[in-house]
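The listed protein sequences derive, respectively, from chains V and G.
Using my numbering, you'd call the opening residue of the first sequence number 247 and step up by one each time.
Using my numbering, you'd call the opening residue of the second sequence number 22 and step up by one each time.
Beta carbons: idealized from backbone N, C-alpha and C, even for Gly.
In this text, all values refer to a predicted model and were calculated from it rather than measured experimentally.
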Amino acid sequence: GAVVSQHPSWVICKSGTSVKIECRSLDFQATTMFWYRQFPKQSLMLMATSNEGSKATYEQGVEKDKFLINHASLTLSTLTVTSAHPEDSSFYICSAPGTLFTDTQYFGPGTRLTVL
Amino acid sequence: SQQGEEDPQALSIQEGENATMNCSYKTSINNLQWYRQNSGRGLVHLILIRSNEREKHSGRLRVTLDTSKKSSSLLITASRAADTASYFCATGTTDSWGKLQFGAGTQVVVTP
């Protein structure tokens, strides 16, 4: 099946710094990718939709200036958490549809962010 | 926001037993999917059922969908220790292609 990778798998940073997380589709092209956040023992919450060649669309309540999304190519989307704070500590997961208009999403392995 | 509820929140069973978990949702859907997540890992797609389907099977998995009650169930038969994980339902809608709204999840522990 389709494979989605994320890098890094975990990151620890100091409060106030920015962290970039990459999401790659390894064997397929993805014009759209999705970013989710998952707090411990909770479910996934959709943060934003990343669109290749255009601006990302953010879900209600998600600060677009804090969570910068860039979909630079058909296989890469990046999420940058700017001026990170401890409350941003979470598990960030991206997903991509395997083929255009398929309903099945392929999820990356996730990135554990810890902000000290 | 989360689409709905899953119950039970946690389920502990022995190997060989069946595990059943339920998912309820609030809005009209195009499809409902079940995913598995091992601790600290990404999600693995298990099965997708469309709104015009009532039941679907895949190996030891059986999913039902009742759109009139806005609910779905996932049955894992003859469970194994390797089935220990969190299970999430997620719904997709026609007007928000690709976006999934997840349920709260059911944590399943299968003991040998």
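Where glutamate 363 of chain V sits in the DSSP three-state scheme: Because chain V in this structure spans residues 247 to 362, residue 363 of chain V falls outside the shown range and cannot be described.
Under 7 Å by beta carbon: chain G residues contacting phenylalanine 353 of chain V: Residue numbering aside, residue 353 of chain V sits at position 107 when the first sequence is read from its first letter. Gly63, Leu64, listed in chain order.
Residues bridged to valine 327 of chain V (per DSSP): Position 81 of the first sequence, counted from the first residue, corresponds to residue 327 of chain V. For valine 327 of chain V, which the question treats as bridged, DSSP gives the partners V:Val265, V:Phe313.
is_contact[leucine 121 of chain G, chain V] using C-beta, thresh 8 Å: Here the question's residue 121 of chain G lines up with position 100 in the second sequence. True, the Cβ-Cβ gap to chain V drops below 8 Å.
Per-residue contacts from serine 289 of chain V into chain G (C-beta, under 8 Å): Translated into the one-based positions of the first sequence, residue 289 of chain V becomes position 43. Under the 8 Å cutoff, chain G gives Gln23, Phe109, Phe123, Gly124, Ala125, Gly126.
CB contact check: threonine 350 of chain V to chain G, cutoff 8 Å: Within the first sequence, residue 350 of chain V is the residue found at index 104, counting from 1. At least one chain G Cβ lies under 8 Å of threonine 350 of chain V.
CB contact below 8 Å: proline 343 of chain V versus chain G: Looking up residue 343 of chain V in the first sequence gives position 97. Yes, because at least one Cβ of chain G sits closer than 8 Å to the Cβ of proline 343 of chain V.
Listed by chain order, chain V residues near leucine 86 of chain G by CB distance under 9 Å: Looking up residue 86 of chain G in the second sequence gives position 65. The premise fails here: leucine 86 of chain G is roughly 14 Å from chain V at the closest Cβ pair, so nothing lies under 9 Å.
C-beta contact flag for phenylalanine 109 of chain G and serine 264 of chain V at 8 Å: In the second sequence, the residue the question calls residue 109 of chain G occupies position 88. In the first sequence, the residue the question calls residue 264 of chain V occupies position 18. For phenylalanine 109 of chain G and serine 264 of chain V, no; Cβs fall outside 8 Å.
Buried or exposed by the 16-neighbour rule on C-beta atoms within 10 Å, applied to phenylalanine 285 of chain V: Counting from one through the first sequence, the residue named residue 285 of chain V turns up at place 39. Label assigned to phenylalanine 285 of chain V: exposed.
Separation of serine 336 of chain V from serine 117 of chain G, as counted between CA atoms: Mapped onto the second sequence, residue 117 of chain G falls at position 96. Mapped onto the first sequence, residue 336 of chain V falls at position 90. Near 25 Å, if we compare the C-alpha coordinates of serine 336 of chain V and serine 117 of chain G.
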